[in-house]
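A.B. asks: One structure follows; several queries about it will come next.
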Amino acid sequence: MNKTNAEHGVERPIGVLRDAARRIAPAREPAVLVDGVLAGATDSFFGVESPIGAVYVAAGPDGVRYLAPAASEEEFARRYRERFGRFVSPAAADGAGDLAERIAAALAGERVEVPLDLSRSTPFQRRVLKVVGGIAHGEVRPYVWVASEAGSPGASRAVGNVMANNPVPLLVPCHRVVHNDGRTGSYAFGAGEKVRLLRTEGVSPEEISGSPYVATPTTGIVCHATCRNAKKIQPENRRSFRSVASAVQDGYRPCKVCRPVVAA
Amino acid sequence: MSVRNFPTGSVVRKSVEARSSDRTARTDPLAARLADGDPLAPKVLVERHYAELYRYAFSVLREEQAAEDAVQDTFERAFGALGRYPEGRLRAMKLRPWMYRITLNVARNRLRRSREVPVEELPAADGAVGDEELEGVMDALAALGRLPERQRVAVTLRYLQDLPYAEISGATGWPEGTAKTLVRRAMTRLRKMMVVEDPEGGGPR
Numbered sequence: 000m001n002k003t004n005a006e007h008g009v010e011r012p013i014g015v016l017r018d019a020a021r022r023i024a025p026a027r028e029p030a031v032l033v034d035g036v037l038a039g040a041t042d043s044f045f046g047v048e049s050p051i052g053a054v055y056v057a058a059g060p061d062g063v064r065y066l067a068p069a070a071s072e073e074e075f076a077r078r079y080r081e082r083f084g085r086f087v088s089p090a091a092a093d094g095a096g097d098l099a100e101r102i103a104a105a106l107a108g109e110r111v112e113v114p115l116d117l118s119r120s121t122p123f124q125r126r127v128l129k130v131v132g133g134i135a136h137g138e139v140r141p142y143v144w145v146a147s148e149a150g151s152p153g154a155s156r157a158v159g160n161v162m163a164n165n166p167v168p169l170l171v172p173c174h175r176v177v178h179n180d181g182r183t184g185s186y187a188f189g190a191g192e193k194v195r196l197l198r199t200e201g202v203s204p205e206e207i208s209g210s211p212y213v214a215t216p217t218t219g220i221v222c223h224a225t226c227r228n229a230k231k232i233q234p235e236n237r238r239s240f241r242s243v244a245s246a247v248q249d250g251y252r253p254c255k256v257c258r259p260v261v262a263a
Numbered sequence: 000m001s002v003r004n005f006p007t008g009s010v011v012r013k014s015v016e017a018r019s020s021d022r023t024a025r026t027d028p029l030a031a032r033l034a035d036g037d038p039l040a041p042k043v044l045v046e047r048h049y050a051e052l053y054r055y056a057f058s059v060l061r062e063e064q065a066a067e068d069a070v071q072d073t074f075e076r077a078f079g080a081l082g083r084y085p086e087g088r089l090r091a092m093k094l095r096p097w098m099y100r101i102t103l104n105v106a107r108n109r110l111r112r113s114r115e116v117p118v119e120e121l122p123a124a125d126g127a128v129g130d131e132e133l134e135g136v137m138d139a140l141a142a143l144g145r146l147p148e149r150q151r152v153a154v155t156l157r158y159l160q161d162l163p164y165a166e167i168s169g170a171t172g173w174p175e176g177t178a179k180t181l182v183r184r185a186m187t188r189l190r191k192m193m194v195v196e197d198p199e200g201g202g203p204r
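The listed protein sequences derive, respectively, from chains A and B.
For the first sequence, numbering that gives the first Met the number 0 gives the first residue as 0, with consecutive numbering after it.
For the second sequence, numbering that gives the first Met the number 0 gives the first residue as 0, with consecutive numbering after it.
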């Protein structure tokens, strides 16, 4: 601003305001403020190795919201916005450290707690995902069991839909949920990938298919074939069943650990 | 309050941007980057507008923390809304006036709320006593604060924020002619105030 003009001219207020504009600036470091805004207004994402290859993970302040493979960061960010209505920013190098490590450990099969944010799921979906989250490495459970454990017996088909739309596959191991007759069935990343994943976890899809339940006359108990108790049964005592009902007919009672559903 | 180099904080650069995002201009390329899923685009948007939105919020609220909170709130609302927009709508956004529209609302609402707080609970005006530069700024903002609200908004956007009338119109929803009239009236009042306030101004009164 021209000083003379500013002092005596009619445009003095403009000079004062432009001068003020130059002097008003945030007190804190820009980088700190920008990071603060992004942390509050966007979710963070990062890439991580998984048993199905490289995947991306998006997390909000309360935990992981989404895990998916994608051809590029852009594709992942677009899909995340379509599904969750939010933007992602790359996780700060140090900020995601602990979470990224936990996720990597969990995906490698360790028993590590990973905080999940399932707030965008319905109460039924959350109940189902919680039940599925409890299926141990090396074990599988049928849809009918998941429905029953989630408090909605008979909702096998609805459980299947929840599995198909699982926002956090692998972290909630939907690949461990199989058809009621023991067939492994479909998977978001391909039926073959599901079989391969289960094999790496020590499950034999061939043994379970058609005979998902195992009983032994020594205890008179019938289990899911992959129940940790069932694994202790000596080969000569193994009795395979297609349904719990047929085992019960033969005088067996359901295992109290794996709680096979009689209606099946 | 201190001057730091924000990535796009310079007044000079902004007037260039302002011209290029005139109503005749094409849409904002950053909007397309957001729509395309460019993961760096949100950060670019924050870096590009933080300083100017802070300046506007500070001019209304006149307190550092309140201004920071208002800008934070602005971006959270902005990303929340943009995140839910269909891709086509997002791609066509003129982001700058739209961001201002949110900040105008946030700052006005926060000012109303702060006026409901008893005076003794209001945060003390910040800045060290004797900081003449700061006093000059605070005097200018106090003068703005005595204008009728629409005049204050119009003249602040025009001369403190350096927005062209097309963007003032986009931010406020007023026709450009209305904005110009409000700025003219505000200038008349400000000239009188500044003459009266400044003993060395040597005005006719």
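For glycine and all other residues, C-beta sits at the position ideal for the given N, C-alpha and C.
Under 8 Å, do B:G222 and A:R80 count as touching if we go by C-beta distance?
C.D. replies: The first residue shown for chain B is 0 and the last is 204, placing residue 222 of chain B beyond what the model contains.
A.B. asks: Roughly how many angstroms separate the alpha carbons of B:S20 and B:L44, rounded to a whole number?
C.D. replies: The residue labelled residue 20 of chain B in the question sits at position 21 within the second sequence. The residue labelled residue 44 of chain B in the question sits at position 45 within the second sequence. Here B:S20 scores only 44 on pLDDT, less than 50, and its place in the model should not be relied on; the value that follows carries that caveat. Straight through space, the alpha carbons of B:L44 and B:S20 are spaced by roughly 15 Å.
A.B. asks: Just how far apart, CA to CA, sit B:R112 and A:T183?
C.D. replies: Counting from one through the second sequence, the residue named residue 112 of chain B turns up at place 113. Counting from one through the first sequence, the residue named residue 183 of chain A turns up at place 184. Distance between the alpha carbons of B:R112 and A:T183 is about 59 Å.
A.B. asks: What does A:L16 touch in chain B if you count any residue whose Cβ is under 7 Å from its own?
C.D. replies: Your numbering for residue 16 of chain A matches position 17 in the first sequence. Within chain B, the residues near A:L16 are A139, Y158 and L159.
A.B. asks: How long is the line joining the alpha carbons of A:N228 and A:S49, rounded to whole angstroms?
C.D. replies: Numbered from 1 along the first sequence, position 229 holds the residue referred to as residue 228 of chain A. Numbered from 1 along the first sequence, position 50 holds the residue referred to as residue 49 of chain A. Cα to Cα, the separation comes out at about 29 Å.
A.B. asks: Please return the same chain residues whose Cβ sits closer than 8 Å to the Cβ of A:P166, not counting the five positions on each side in sequence.
C.D. replies: On the first sequence, position 167 is the one that residue 166 of chain A refers to. R64, Y65, L66, R82, L117, R119 and S120, listed in sequence order.
A.B. asks: How long is the line joining the alpha carbons of A:G14 and B:W97, rounded to whole angstroms?
C.D. replies: Translated into the one-based positions of the first sequence, residue 14 of chain A becomes position 15. Translated into the one-based positions of the second sequence, residue 97 of chain B becomes position 98. Taking the straight line joining both Cα atoms gives about 27 Å.
A.B. asks: State the Cα-Cα distance for the pair B:G87 and B:A30, rounded to the nearest angstrom.
C.D. replies: Here the question's residue 87 of chain B lines up with position 88 in the second sequence. Here the question's residue 30 of chain B lines up with position 31 in the second sequence. About 10 Å.
A.B. asks: In chain order, what residues of the same chain have a beta carbon less than 6 Å from the beta carbon of A:P204, not counting five sequence neighbours either side?
C.D. replies: The residue you call residue 204 of chain A lines up with position 205 of the first sequence. Closer than 6 Å at the Cβ level, and outside the excluded window around A:P204, lie T183, V194 and L197.
A.B. asks: Cutting at 7 Å between CB atoms, please list the residues of its own chain near B:R22, excluding the five before and the five after it.
C.D. replies: Numbered from its first residue, the second sequence carries residue 22 of chain B at position 23. In this prediction, B:R22 scores a pLDDT of 46, lower than 50, which makes its location untrustworthy; no coordinate-derived value is stated.
A.B. asks: Which residues in the same chain as A:E148 place their Cβ atom closer than 7 Å to its Cβ, once the five residues preceding and following it in sequence are excluded?
C.D. replies: On the first sequence, residue 148 of chain A is found 149 positions in, with the first residue counted as 1. Around A:E148: V130.
A.B. asks: Within 8 Å of any Cβ in chain B, is that where the Cβ of A:S155 sits?
C.D. replies: Against the first sequence, residue 155 of chain A aligns to sequence position 156. Taking Cβ atoms only, chain B never reaches closer than 8 Å to A:S155, which makes this a no.
A.B. asks: Could you give the residue range of the beta strand (DSSP E) that holds B:F74?
C.D. replies: By one-based count along the second sequence, residue 74 of chain B stands at place 75. Careful: B:F74 lies outside any beta strand (DSSP E), inside the alpha helix (DSSP H) at E63 to R83.
A.B. asks: Output needed for A:R266: all residues of its chain with C-beta closer than 7 Å, excluding positions within five of it in sequence on either side, in chain order.
C.D. replies: The structure shown does not extend to residue 266 of chain A, since chain A is modelled only from 0 through 263, so no value can be given for it.
A.B. asks: Would you mind giving the Cβ-Cβ distance between B:A106 and B:A139, rounded to the nearest angstrom? I have them listed as a contact below 8 Å.
C.D. replies: On the second sequence, position 107 is the one that residue 106 of chain B refers to. On the second sequence, position 140 is the one that residue 139 of chain B refers to. No, B:A106 and B:A139 are not in contact; Cβ-Cβ is about 17 Å, not under 8 Å.
A.B. asks: Can A:R252 and A:I220 be called in contact, C-beta distance under 8 Å?
C.D. replies: Here residue 252 of chain A refers to the residue found at position 253 of the first sequence. Here residue 220 of chain A refers to the residue found at position 221 of the first sequence. In contact: A:R252 and A:I220 (Cβ atoms closer than 8 Å).
A.B. asks: Can you pull the chain B residues whose beta carbon is under 7 Å from the beta carbon of A:E72, in chain order?
C.D. replies: For the purposes of this step, residue 72 of chain A is taken as residue 73 along the first sequence, with counting starting at 1. P38, listed in chain order.
A.B. asks: Compile a chain-ordered list of the residues in the stretch 40-74 of chain A whose CB is closer than 9 Å to at least one CB of chain B.
C.D. replies: A40, T41, F44, S71, E72, E73 and E74
A.B. asks: Considering only C-alpha positions, which residue in the set A:N164, A:L16, A:E72 and A:P89 is nearest to A:A40?
C.D. replies: What you label residue 40 of chain A is simply residue 41 of the first sequence in a count that begins at 1. Comparing Cα positions, the closest option is A:P89.
A.B. asks: Is it right to say B:T171 is buried, meaning 16 or more other beta carbons lie within 10 angstroms of its own, or is it exposed?
C.D. replies: Position 172 of the second sequence, counted from the first residue, corresponds to residue 171 of chain B. B:T171 is buried by the Cβ-count criterion.
A.B. asks: Along the chain, where does the alpha helix (DSSP H) that runs through B:V136 open and close?
C.D. replies: Along the second sequence, one-based indexing puts residue 136 of chain B at 137. Where B:V136 is concerned, the enclosing alpha helix (DSSP H) stretches over E131 to G144.
A.B. asks: What does A:R140 touch in chain B if you count any residue whose Cβ is under 9 Å from its own?
C.D. replies: The residue you call residue 140 of chain A lines up with position 141 of the first sequence. Here the premise fails: no neighbours, minimum Cβ distance about 36 Å.
A.B. asks: So which residues on chain A does B:G82 lean against when the C-beta distance must stay under 7 Å?
C.D. replies: Here residue 82 of chain B refers to the residue found at position 83 when the second sequence is read from its first residue. Chain A residues near B:G82: R80, G84, R85 and F86.
A.B. asks: Would you mind reading off the limits of the beta strand (DSSP E) that contains A:I220?
C.D. replies: Stepping through the first sequence from its first residue, residue 220 of chain A is reached at position 221. Here the beta strand (DSSP E) through A:I220 covers I220 to H223.
A.B. asks: So, under 8 Å CB-CB, A:N179 and A:P141 are touching, yes? Tell me the CB distance rounded to an integer number of Å.
C.D. replies: Numbered from its first residue, the first sequence carries residue 179 of chain A at position 180. Numbered from its first residue, the first sequence carries residue 141 of chain A at position 142. Going by Cβ atoms, the distance from A:N179 to A:P141 rounds to 4 Å, so yes, they are a contact pair.
A.B. asks: Is any beta-carbon of chain B found at less than 8 Å from that of A:R252?
C.D. replies: Taking the first residue of the first sequence as 1, we reach residue 252 of chain A at position 253. No - not a single Cβ of chain B is within 8 Å of the one on A:R252.
A.B. asks: Buried or exposed: where does B:L39 fall if 16 or more other Cβ atoms within 10 Å of its Cβ makes it buried?
C.D. replies: Translated into positions along the second sequence, residue 39 of chain B becomes position 40. Under this definition B:L39 is an exposed residue.
A.B. asks: Using 8 Å as the limit for Cβ to Cβ distance, is A:L98 near chain B?
C.D. replies: For this step, residue 98 of chain A is matched to residue 99 along the first sequence. No - not a single Cβ of chain B is within 8 Å of the one on A:L98.
A.B. asks: Can you check DSSP and say which residues form a bridge with A:V256?
C.D. replies: Position 257 of the first sequence holds residue 256 of chain A. Per DSSP, none; premise fails for A:V256.
A.B. asks: Per DSSP, what kind of secondary structure is A:F83 in: helix, strand or coil?
C.D. replies: Within the first sequence, numbered from 1, the residue matching residue 83 of chain A stands at position 84. Residue state, collapsed to three classes: helix.
A.B. asks: What does the Cβ neighbour count give for B:H48, buried or exposed, with the cut at 16 atoms within 10 Å?
C.D. replies: To locate residue 48 of chain B, count along the second sequence from 1; it is residue 49. The residue is buried, with at least 16 neighbouring Cβ atoms inside 10 Å.
A.B. asks: Quick one: list the residues of chain B neighbouring A:P89, beta-carbon separation under 9 Å, in chain order.
C.D. replies: What you label residue 89 of chain A is simply residue 90 of the first sequence in a count that begins at 1. P38, L39 and K42, listed in chain order.
A.B. asks: Are any of the Cβ atoms in chain B nearer than 8 Å to that of A:A76?
C.D. replies: As a position in the first sequence, residue 76 of chain A is number 77, starting the count at 1. It does: the Cβ of A:A76 has a partner Cβ on chain B nearer than 8 Å.
A.B. asks: Along chain A, in chain order, which residues have C-beta atoms closer than 9 Å to that of B:Q71?
C.D. replies: Taking the first residue of the second sequence as 1, we reach residue 71 of chain B at position 72. Here the neighbours are L32, G35, V36, G39 and A40.
A.B. asks: Compare the C-beta of A:I13 with all C-beta atoms of chain B and state if any pair is closer than 8 Å.
C.D. replies: Taking the first residue of the first sequence as 1, we reach residue 13 of chain A at position 14. A:I13 counts as touching chain B.
A.B. asks: Using a cut-off of 8 Å between C-beta atoms, extract the partners of A:A244 located in chain B.
C.D. replies: Residue numbering aside, residue 244 of chain A sits at position 245 when the first sequence is read from its first letter. The contacting residues do not exist; A:A244 stays about 48 Å from chain B at best.
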